[in-house]
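Written below as C-alpha cells is the structure these notes are about.
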Amino acid sequence: MRHGEPQLAKGGWIAPMQMGQWIDLYNQSLIKEGDIPLECPVAALSASTIVASTAPRACSSARALGDLPFTQEAIFTEAELPFALWKAPWLPPQAWAVIFRLLWLCGYARGSDSLTLTRQRARAAAERLVALAAKGPVLLVGHGIMNRLIGKELQALGWLARNRQGSRYWSMGVYEL
1065 MRHGEPQLAK GGWIAPMQMG QWIDLYNQSL IKEGDIPLEC PVAALSASTI VASTAPRACS
1125 SARALGDLPF TQEAIFTEAE LPFALWKAPW LPPQAWAVIF RLLWLCGYAR GSDSLTLTRQ
1185 RARAAAERLV ALAAKGPVLL VGHGIMNRLI GKELQALGWL ARNRQGSRYW SMGVYEL
C-alpha cells in the first residue's frame, strides 16, 4: 500500500459498494514528501502564480514544492470517480478505480459528475489558467485525469504542449501560447 492510499479491508480487497468510502478517504489523503523531481520545485520558483485544487493531496503537494504562496480553486479538483452499490466481487481498490474510470469514460457516472460535465469544467479551468497566465507563468498543482482534460482544452484554445515529463505522481506539462 502506498502512503496516502486508504485501506478498508484486510488484504486490501474491497467490494464495489466500499469504493465510495475509499474515494472519500483517498480525497482526504496527503502526499508522502520526498522523491519530488528537481524540475518541479524549479518550475514553482519560476511561476508568477501557483494555483492548486482544493484537495488535501494537491495542497500538500504545493506546500512540498517550497515555502511559496499558492491559492486553492475547486475548479481544478480531480474528475470524480463513480462507484456502484454492488456487494461483490471483491477486488483491490486500485483495480476498482481502473474499472470505474473506464466505465466513467463510457458514460457511467453514479456518485460523480458525467464526462460531459467534467469536460465543461475542464474548459472553464483552462480559461481560468489562461486568465492567470496574463500575469506571467502559472503552475497548476492538480490531478491526473483533470490535468489531461485541461491540457486538451488549452490546446483547443491554441496553446502548445511541450516538455512533458515526470513520474506517476509527479509529472509536469508545459503549455505555451
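Taken in order, the sequence shown gives residues 1065 to 1241; the numbers are from this note's numbering. Glycine included, each C-beta is placed from N, C-alpha and C at the ideal position. All figures in this text were calculated on a predicted structure; none of them were measured in a lab.
Query raised in the report: Under three-state DSSP, which class holds H1067?
Result: The predicted position of H1067 is uncertain, since its pLDDT is 45 and thus under 50; no value can be drawn from it.
Requested in this report: Have a look at the DSSP bridge pairing and note the partners of V1194.
Outcome: None; V1194 has no bridge partner.
Query raised in the report: With a Cβ-Cβ cutoff of 8 Å, do V1115 and L1196 count as a contact?
Result: Less than 8 Å divides the Cβ of V1115 from the Cβ of L1196.
Query raised in the report: How is Y1090 classed by DSSP in three states: helix, strand or coil?
Result: Helix, per DSSP.
Report task. Answer yes or no: do S1242 and P1146 have a C-beta to C-beta separation smaller than 8 Å? Result -> Past the edges of the chain, shown from 1065 to 1241, lies residue 1242, and the structure says nothing about it.
Report task. Could you check if T1182 is buried or exposed, using at least 16 other CB atoms within 10 Å of its CB as the buried criterion? Result -> Flag for T1182 reads buried.
Query raised in the report: So, helix, strand or coil for T1182, using DSSP?
Result: Assigned with DSSP and collapsed to three states, T1182 falls in helix.
Requested in this report: Report yes or no: do three or more beta-carbon pairs, one from the segment 1198 to 1213 and one from the segment 1109 to 1123, lie closer than 8 Å?
Outcome: Verdict: yes, contact present.
Query raised in the report: Can the beta-carbon of M1236 be found less than 8 Å from the beta-carbon of K1151?
Result: By the CB criterion at 8 Å, M1236 and K1151 fall outside the cutoff.
Requested in this report: Return the chain-ordered list of same chain residues with a C-beta closer than 6 Å to the C-beta of I1087, the five sequence neighbours on each side being excluded.
Outcome: These residues qualify, in order along the chain: L1145.
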